[in-house]
Every structure is written in structure tokens, then in C-alpha cells.
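1618 is the number that our numbering gives to position 268 of the sequence shown; each next residue is one higher, with no gaps.
Even glycine gets a Cβ: it sits at the ideal position worked out from N, Cα and C.
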Amino acid sequence: MTRFTTSDGVGLHYKDWGKGQPVLFSHGWPLSADMWDGQMLHLAENGFRAIAFDRRGFGRSDQPWQGHDYDRLADDIAELIAHLDLRDVILVGFSMGGGDVTRYIARHGSERVARLALLGAVTPLFMKTDDHPVGPEKSVFDGIRAGLRADRAQFLKDFSQVFYGINHGAQVSDGVLEQTLQIALQGSLKATIDCVTAFSETDFRPDMAKIDVPTLIIHGDDDQVVPLEATGALAAKMIPQATLTIYEGAPHGFVVTHADRVNADLLAFARG
């Protein structure tokens, strides 16, 4: 196990595999670095250094009461990058994690960044607002927070049906479902609830123009969690050097359901 302590005293766990140009992975909600094992193994076996961390409040990292906002989460990434002295790093963010790698560039610049990949990401804005009419209603996120408070374990177990598109016919193993729930329940309830507010309400539209590195956007067109039209399709239009790759029929959890394609696309993107 490898850990480092942030400037506000929070211990973060990270995994560091392989040697070569660094690829830093930021996981989705409510998971941990373990969601990236398949991608980390593939890249590390092909000449890259794969690094993935557990966001504060999740996985094996500390569970502080505070700091579950994107500015602090971006600073955590900045401090990890500085701690490991990473340069020419390729940032990869999935779902909620797409927000913190984006905010990292907006707050800290791209001096150390070579490329950016946003997979099923919540950027540029997730929730429906007056000037963003295509997102989910606020009531959806109110329901998620209520479900977590009432019975987190059952809520997250049920959530996997939509996350992986099982309700639309996608196939994943019982082992994947058990592991997903196990990982999700490692997180603190406070962080799990707070992050729903962060990823649903944070407006990344001002950050989009600050992304000045080649960017790969991958999104499934059957994403029932983070709809393509409200997020990835818009991000591709707002980021100057963006390439949008749509996985036909893919659910939100395409990192698992389309793992071989994700691995191939990320490796090709990393190689430039």
C-alpha cells in the first residue's frame, strides 16, 4: 500500500504500477481505484506507469467530514502529482472523476499534463438548470440522497442494474456486481452523500475553455446515469482539442461491459 497526506491532513491511498509515461486515473462515484484494475494492468503491461488513487472518503483513504467539493478534490490531485513529481501525465477521469481532473487543469494549469481522457464524465454540467435544459431534474438527485440515507446498501445494489445497463439487457457477472457493492460500501456515508451534490450541481462550463491539451471523450449512447446529450456531447463541442468517441449501446459502466475496447482506445490515445 502507498499513501500520502494532503495539506489539510487527509491520508490518501494510491496504487502505482509499471514504469514509463504516467497515466493518472480518477474513479467514479461511489467506487475506488479498484475500478481501474483492468485498465491499469493493460497500460502497465504496455510501457506506461499507471497510477490510481482512492478519493478522500472512499476506498482505503481517510474519511474526513469535509472537503468533498471539486476545488478540494482537484487540489488533492495536484498534491498527489507534486508528491510523485509526475510530468507529461495523462489524466483519465470516469464519471465524477471526469470533474476533478477537469477542475485540476482549470485550477492548476496543464504544465504537467500531456493529455486528458473523459469517460462517461459529468462535465460540463450534469443537472438540469434554466440554461442547461437537457440534464436530469434536481429531484433525481434528491431521491439519490434520500435513498442513501434510508438504506445505502440496498440503494447501491439496485443502482448497479442501471449503472451496468442490466435493465437494458447488458450482461455482467455476479462477481462484478458483488465487487461493485463491496467497493461502494467502503466509502463513508457522508462522502457518498456530499459527492452527489458535488457532481450534480458543479458547473464546469467555465473550465472547458481552459483545457488546452488533446482530449478524448468516450461516452455510451445508452448511458442511463450520465446522459450523453447532457454531458459528453456538449463537452466535445466546448473543449478545443476534443475527440468524441461514442460506444453504441453502451451503458454508464462501459469500463466493465466494454473493457477490451476501453483498454485499446486508452492505449492508442496514450501512445498519441
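What whole-angstrom Cβ distance do residue i and residue j have, given they're in contact under 8 Å?
i: Pro1566; j: Thr1595; result: Checking the displayed sequence, the identity of residue 1566 turns out to be Leu instead of Pro. Rounded, the Cβ-Cβ distance is 7 Å, consistent with contact.
i: Gly1370; j: Arg1399; result: 5 Å
i: Val1576; j: Val1451; result: Val1576 to Val1451, Cβ: 15 Å. No contact.
i: Asp1426; j: Leu1466; result: So it is not a contact: roughly 17 Å between Cβ atoms.
i: Thr1352; j: Asp1366; result: 6 Å
i: Ala1402; j: Phe1375; result: 4 Å
Closer than 7 Å by C-beta to residue i: which residues in its own chain qualify, once you throw out the five before and the five after it? Chain order, please.
i: Lys1560; result: Ile1455, Ala1456
i: Glu1598; result: Asp1571
i: His1433; result: Phe1354
How far does the alpha helix (DSSP H) with residue i in it extend, from its first residue to its last?
i: Val1612; result: 1609-1621
i: Asp1524; result: 1524-1534
i: Asp1387; result: 1387-1394
Within the same chain, show all residues whose beta-carbon is closer than 6 Å to that of residue i, passing over the 5 residues directly before and after it, in chain order.
i: Ile1568; result: Leu1469, Thr1595
i: Leu1423; result: Asp1450
i: Ser1382; result: Asp1404, Phe1408, Gly1409, Ile1533
i: Gly1582; result: Ile1567, His1569
i: Val1563; result: Ser1460, Val1463, Arg1465, Leu1466
Can you check which of these residues, the options, is closest to residue i by C-alpha distance?
i: Arg1495; options: Gln1574, Arg1422, Asp1435, Lys1540; result: Lys1540
i: Asp1480; options: Asn1517, Gly1515, Asp1553, Ser1538; result: Asp1553
i: Gln1416; options: Gln1591, Gly1447, Tyr1364, Gly1359; result: Gly1359
i: His1602; options: Ala1620, Asn1396, His1377; result: His1377
i: Asp1573; options: Ala1548, Ser1510, Val1373; result: Ser1510
i: Val1373; options: Trp1379, Gly1388, Ala1394; result: Ala1394
i: Lys1507; options: Leu1578, Arg1555, Gln1529; result: Gln1529
i: Asp1419; options: Met1446, Phe1604, Ala1592; result: Met1446
Among residues of its own chain, excluding the 5 on either side of residue i, which ones have a beta-carbon nearer than 8 Å to its beta-carbon?
i: Arg1462; result: Ile1431, Leu1436, Arg1437, Asp1438, Val1439
i: His1392; result: Asn1613, Leu1616, Leu1617
i: Val1625; result: Here the chain has residues from 1351 to 1622 only, and residue 1625 is not among them.
So that I know if they touch, is there some Cβ in chain C lying closer than 9 Å to that of residue i?
i: Gly1570; result: No chain C is part of this structure, which consists of one protein chain only.
Over what stretch of residues does the beta strand (DSSP E) that includes residue i continue unbroken?
i: Gly1407; result: First-last for Gly1407: undefined, no H or E at that position.
i: Asp1366; result: 1361-1367
i: Ala1600; result: Segment: none, Ala1600 is in no beta strand (DSSP E) and carries neither H nor E.
i: Ile1401; result: 1398-1403
i: Leu1381; result: Run containing Leu1381: none; DSSP gives neither H nor E here.
i: Thr1356; result: Segment: none, Thr1356 is in no beta strand (DSSP E) and carries neither H nor E.
Check your understanding: In the segment 1537-1587, which residue ranges form an unbroken alpha helix (DSSP H) of at least 4 residues, counting only runs that do not cross its ends?
Key -> 1539-1551, 1555-1558
Review point. Which full runs of the alpha helix (DSSP H) of 4+ residues lie inside the segment 1425-1488, going along the chain?
Key: Runs found: 1446-1458.
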